[in-house]
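Protein chains in written order, with the numbering used here: chain Z, 1 to 375; chain H, 1001 to 1375; chain F, 2001 to 2375; chain A, 3001 to 3375.
The next block holds one structure in the form of structure tokens; read it before the comments.
4 protein chains.
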Amino acid sequence: MQLKAGIIGAAGYAGAELVRMLLGHPQITELHLSSVSFEGEPIEHAYPNFLGNTGKINGRLKKAEAVIEAADVVFASLPHGVGETFAKSCVEKSKPFIDLSADFRFGPDESTFAAWYGKGYQYPELRQCSVYGLPELNRDAVKRLAASGTVIIGNPGCYPTAATLGAMPALAHGLAGDGTIIIDAASGITGGGREPARAYHYPECADNVSPYKVGSHRHTPEISRNFAGISAAIRPIIFTPHLVPVNRGILATIYIPLTRPPTDTPLTALKTVSRPPTQETNAKAKDIHTLYTEFYKNEPFVRILPFGGVASTNHVRQSNYCDISVHLDQTGSTLIIASAIDNMVKGAAGQAVQNMNIIFGFEESAGLTAIPALF
Amino acid sequence: MQLKAGIIGAAGYAGAELVRMLLGHPQITELHLSSVSFEGEPIEHAYPNFLGNTGKINGRLKKAEAVIEAADVVFASLPHGVGETFAKSCVEKSKPFIDLSADFRFGPDESTFAAWYGKGYQYPELRQCSVYGLPELNRDAVKRLAASGTVIIGNPGCYPTAATLGAMPALAHGLAGDGTIIIDAASGITGGGREPARAYHYPECADNVSPYKVGSHRHTPEISRNFAGISAAIRPIIFTPHLVPVNRGILATIYIPLTRPPTDTPLTALKTVSRPPTQETNAKAKDIHTLYTEFYKNEPFVRILPFGGVASTNHVRQSNYCDISVHLDQTGSTLIIASAIDNMVKGAAGQAVQNMNIIFGFEESAGLTAIPALF
Amino acid sequence: MQLKAGIIGAAGYAGAELVRMLLGHPQITELHLSSVSFEGEPIEHAYPNFLGNTGKINGRLKKAEAVIEAADVVFASLPHGVGETFAKSCVEKSKPFIDLSADFRFGPDESTFAAWYGKGYQYPELRQCSVYGLPELNRDAVKRLAASGTVIIGNPGCYPTAATLGAMPALAHGLAGDGTIIIDAASGITGGGREPARAYHYPECADNVSPYKVGSHRHTPEISRNFAGISAAIRPIIFTPHLVPVNRGILATIYIPLTRPPTDTPLTALKTVSRPPTQETNAKAKDIHTLYTEFYKNEPFVRILPFGGVASTNHVRQSNYCDISVHLDQTGSTLIIASAIDNMVKGAAGQAVQNMNIIFGFEESAGLTAIPALF
Amino acid sequence: MQLKAGIIGAAGYAGAELVRMLLGHPQITELHLSSVSFEGEPIEHAYPNFLGNTGKINGRLKKAEAVIEAADVVFASLPHGVGETFAKSCVEKSKPFIDLSADFRFGPDESTFAAWYGKGYQYPELRQCSVYGLPELNRDAVKRLAASGTVIIGNPGCYPTAATLGAMPALAHGLAGDGTIIIDAASGITGGGREPARAYHYPECADNVSPYKVGSHRHTPEISRNFAGISAAIRPIIFTPHLVPVNRGILATIYIPLTRPPTDTPLTALKTVSRPPTQETNAKAKDIHTLYTEFYKNEPFVRILPFGGVASTNHVRQSNYCDISVHLDQTGSTLIIASAIDNMVKGAAGQAVQNMNIIFGFEESAGLTAIPALF
């Protein structure tokens, strides 16, 4: 099966990453691109790296409507709250619509969306045919909806992807206790998009680390909702993003309090403030590592690192992998998961392509076979 | 009062930073330097940046014993467990010894030191005249010991400095509940020292973020002990360091569960997974911010950022400041503190100079007046 | 046609890059790898990024001899002067040997090699079946030798690749005058290999630019020889490499004095020190740009940027492209070419694969179709 | 003598660097700052790094006129072509005006300025009391003008500073032949200022090297004019700037053809393409190195590196030094000088302060004593 794909918002970073991936996708024969800022220009004007690789691209950057008309499947990489009209148009034409914004990530729960994004839905009824497209969580739901002939994908946020894949096995297996789960995460600068701004101006963010939107980042409810769905229990979470001077990558460090506190905590050992991990703690960590490995054994894009390894963004760069390493704190009471993705691939464009592959019954890794380079 | 200062281990990064600071210190007239690897060479061979600024330096890099003989005050920047002989020698000569290793950070608690550092003390009795040199916590103890005529400073670790300064007001005021305090921190690559190694090889750590020594970093017991000392209660902590591609800087994000849980947690609001922070939560955050500002109002090197600001390593670079920003999670149940220092200055050499200033009764900021540049 | 490929020195950076490319090469069914430092271990121990992608790799890292025995084509990524025995062994078995060191770049001219590399040839006779493998210069020679059944490729150095491709059209068309050609170039840190060393230690090379080996870099005679071969005239060249804080990439800025000096130079305009480029100068630059475009019109991996564009390493990153932009100085008397490659791909492993493709008559871009990402 | 200093354009990068330096200057008691974009706000809003260091600053950012009124000396860090009115006003009040734009760098030569900057002078007569403020070249002229009571400093451009200091000894001693002098230079991103733009957006310039404005950069005529002034001969120059991912720093590599070509060039040695440098060439290089050392022996801010050393931007970072290393190409026919400065200090604000020190007869290094850190 051969498809024509369309990308609305092709000149943003996630859009350009979609272009790159779909150019190399074996089932895509033609690409139709739109962009408001570069309309009428060839994509190489915005992205000279594509020079000589544009054979599949049909003409210059055009209007969104023209893209929808020409394509068999439509991706949208737009700011939140501006793409519903395009989604509606695709639904009417029975063309899958894969949306990289937050508009379809909350399904019918408009109140949560409105509380965090500051506006309601334009066409609430579209959520009847939308699904949150995290394949490792919702693959069957995506397939079912696709089979029905009408499907909108709410492609997950970058941080929620890393956090949810990292916590899922522990939550699904009931390892998590009642305490707050903390996700402390760092993102590369591409997460801020291509529009120049002081926060992403080289001299302001090079050689710097800092948190941002502490206690108020919009990915918080998405992560929270995902966790609740997995464990069927609402559990408080805290999510703190940081900006670090790398181009691509998200590293989420997730702290999950375990259900049964260890019998010998520092609290009971009054004379002792702290001790290194015991053999018992290490054995417990290995057990959880085995559980994680088993949980994801059939997933093509989740790699549980060998015990003792550490998830690093440079091991997944430019690939659709999520690398996960499993650790315990020194007392054995809290599970610590490090989860690394490329924010532009598994955190955006790659996952969107993965969803397309599922919708059309392609090999799930079609177009996503890039092997990460260490450097 | 004018002093001759000695630095043992002057060719390492912290040692070189001490050289740089003491060259600019108004009370230091002469510097004596030692280094095993560069013995017999001028310091500019190891650090060409010093060219033309070596007027105060007495001769070439020499043996540690010669440095102790010549100096009025001795700094040691050596690996853990190799400097006790030099400390003993300084004590015998009634010369202050300021040690940047962990050897004197645990005072008489040899068992904790031994558990984490893998060896015991060589001269345990030296701990009778040693003190943990975090001025904001122990200034008076440093002064008392100095007045006694014999003083060894256990200069704090970089992460413990950022973590302790960040948590101290909350702990001292009894804001912290019983739950685990989590310190999730990131360090620049200079933290690994000057010795080339794969982990610090440019292509392996540039454009990368990853945690290391999860659940087992040696700064864990130091932080834990500091917290216990402030609040007079032993409280479990988790400390996770990360390596980020910046030269200098530590950013510690500290999660402190508050004593009284808010009445309207997500757990009680069954239909609601998550909501943005309320005005009430913001008001509570402001109160804690005021408390922090008040707590440090007389400290020359701690800056509580205006409410709404965010601690960033580039605002303290090359200075002795610790910048602290105060936040709450969206439910108001956990205090989130961001604490930023330059790991080479407040996290090592600058703090050592600050301790020297206290010992000799100099202006505490003497030699530490560099104003950080944003870029 | 399906091949088994062998890589000697697979755990270095260029070796690992070969592994990555050959894993994705459609005609390679099996990979045999050797490494002295990682012998007996799986490649993922050295390069965790390969996790889950090692299906084609036959066993663990083994001895070089075993690799030669098993493979149909052998790549060697070794230090200079240690691989001739392996080359000899391959020649005896009629297996192509593609050598990434300098050992076979100078053909029978042992004296130039010896003058710069400090040692002579071990088996000088091997140069009867060796060829300098810059396809854009020597494609036919590679084919002829391959047809003869015995072929050793001296895979070009990274700087000489960028410099030669950048200067070739001007030299071949006789545009270059008698003056010295200057190549001022910058390289990413991976050019220094994977062995940790002070020069490549993150804090020493991050946020820094500096030249190295000024007037004495070993790529000087290779560039000089290439230029002489193209224009049939020996012409003095100067080559100055710089180290810049990027992972991958070489940017060579090449200054070629033109044959006919413009009539109105600043020298003749006594009152005038300097003026911006005139329309006439711009027209002349466009003519040379056209000539460059024409020269490379059939080359799959050389991209002449549209007039006004500027070669940038981030436009070719992780691809086998050489991007070239054409400029003139403000007086129109010197051609200035900017030539950008990925030092690990077109400057090493990618070019080696390109040579293999030519030897075996594969599509020249087989395994080399990665589209560069801008970020 | 104590002064009040004023800075017009204090919120740009060079302006903020001036603030930082003047805050630490022993003769400055008060600072008056202006900024159009931050008028009415305290400087810490724009630069949080200044928090707690603003004691010397008089009030909030105000209008330029108020700054001129209050200050004894006025610095202007404005775009080209907009500050002449302020200069005029200062002249009328007999207050020194130190201008960091290009407006006063060309003195009476309005035609060259107009040719490159696209507009003429507003008040040409102001050039009667202006001087190009490169102290190593024009110190006496600055002093003379200051003594006259009216002085405008045209503070040099960053590239021209590095290029001129690097070439001056060779030009002054008549070492340079008739050939074209090439300056190939790299700049850190702060050179582009604080205004966000695509070219300085982190993901576009991190991990990238590329030239810009080839053959057309406005610093070309400034360099050319300086060279002509030193050697009393107009000589063609080529200047090519590059952007590299560092925050601060300029590294200029300068190629100066020597007067007497060596007798044994590669051109005469027909069989030989290239040979490494001979002992004779090295001896010649040492002679020139000695000449350079002698030339600058009394300059406080120029460091000629020991023979064999290499100028590196990280050795001068945050200092007013210009580091120069002396080399020859392998044939001995071209002098290659590497010249490194911090573009924000010796290339802008530091040099401006140095000029102020000269004008008022202060110690020339007052406020400029920062010792560079290697990392």
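C-beta: ideal position from N, C-alpha, C; glycine also.
Using CA atoms only, rank isn't needed, just tell me which of the options is closest to residue i.
i	options	result
serine 2333 of chain F	A:Val3091, A:Ala3064, A:Thr3180	A:Thr3180
proline 372 of chain Z	Z:Arg317, Z:Ala349, Z:Gly166	Z:Arg317
serine 1035 of chain H	H:Ile1007, H:Gly1024, H:His1025, H:Ile1028	H:Ile1007
arginine 3127 of chain A	A:Ile3238, A:Ala3162, A:Phe3113	A:Phe3113
arginine 2139 of chain F	F:Gly2361, F:Gly2367, F:Thr2369	F:Gly2361
glutamate 3222 of chain A	A:Phe3104, A:Phe3307, A:Met3021, A:Val3091	A:Phe3104
histidine 2327 of chain F	F:His2315, F:Phe2097, F:Val2310	F:Val2310
valine 131 of chain Z	Z:Thr290, Z:Ser148, Z:Glu69, Z:Asn282	Z:Ser148
arginine 60 of chain Z	Z:Glu30, Z:Thr278, Z:Leu3, Z:Gly83	Z:Glu30
leucine 2258 of chain F	F:Leu2175, F:Arg2235, F:His2201	F:Leu2175
serine 77 of chain Z	Z:Leu368, Z:Cys322, Z:Arg194, Z:Ile234	Z:Arg194
Keeping to the same chain, check which residues put their C-beta closer than 8 Å to that of residue i; ignore five residues upstream and five downstream.
i	result
glutamate 280 of chain Z	Gly332
cysteine 3205 of chain A	Ile3189, Ala3199, Leu3243, Pro3245
Do you know how far the Cα of residue j is from the Cα of residue i?
i	j	result
histidine 1032 of chain H	tyrosine 1212 of chain H	36 Å
threonine 419 of chain Z	phenylalanine 227 of chain Z	The question about residue 419 of chain Z has no answer, for chain Z in this structure spans 1 to 375.
alanine 2014 of chain F	histidine 1242 of chain H	28 Å
asparagine 2320 of chain F	serine 37 of chain Z	30 Å
proline 3145 of chain A	serine 3365 of chain A	For clarity, residue 3145 of chain A is leucine in the given sequence; the question names proline instead. Spanning the two alpha carbons is a distance of roughly 20 Å.
serine 2231 of chain F	isoleucine 3189 of chain A	39 Å
aspartate 1342 of chain H	serine 1224 of chain H	21 Å
isoleucine 3057 of chain A	glycine 3107 of chain A	33 Å
valine 3244 of chain A	phenylalanine 2295 of chain F	30 Å
asparagine 3355 of chain A	valine 3142 of chain A	8 Å
serine 3339 of chain A	serine 2187 of chain F	19 Å
glycine 215 of chain Z	alanine 1285 of chain H	11 Å
alanine 1011 of chain H	leucine 1018 of chain H	10 Å
alanine 1046 of chain H	leucine 3374 of chain A	10 Å
glutamate 2069 of chain F	lysine 2119 of chain F	28 Å
Quick one: what's got a C-beta closer than 6 Å to residue i's C-beta in the same chain, skipping five residues either side?
i	result
arginine 3218 of chain A	Trp3116
glycine 157 of chain Z	His219, Glu222
lysine 62 of chain Z	Ser34
Using the three-state DSSP reduction, which class does residue i fall into: helix, strand or coil?
i	result
serine 1323 of chain H	Here residue 1323 of chain H turns out to be aspartate, not serine, going by the sequence shown. Strand at aspartate 1323 of chain H.
serine 1034 of chain H	strand
lysine 62 of chain Z	strand
serine 3390 of chain A	Missing from the structure shown is residue 3390 of chain A; chain A here goes from 3001 to 3375 and no further.
arginine 3376 of chain A	The first residue shown for chain A is 3001 and the last is 3375, placing residue 3376 of chain A beyond what the model contains.
arginine 2218 of chain F	coil
alanine 11 of chain Z	coil
Leaving out five residues on either side along the sequence, give the residues of the same chain with a beta carbon under 7 Å from the beta carbon of residue i.
i	result
proline 3300 of chain A	Glu3364, Ser3365
threonine 3150 of chain A	Val3091, Ser3094, Cys3129
methionine 344 of chain Z	Tyr13, Ala14, Glu17, Thr190, Arg248
tyrosine 1292 of chain H	Pro1169, Ile1304, Ile1324, Val1326
Give the residues from the stretch 3158 to 3170 of chain A that approach chain Z closer than 8 Å (Cβ to any Cβ), ordered along the chain. none
If you measure beta-carbon to beta-carbon, which residues of the stretch 2033 to 2054 of chain F are closer than 9 Å to chain H? none
What are the residues of the stretch 3197 to 3215 of chain A that lie near chain Z, defined by any Cβ-Cβ distance shorter than 7 Å? Ala3197, Arg3198, Tyr3200, His3201, Tyr3202, Pro3203, Cys3205, Ala3206, Asp3207
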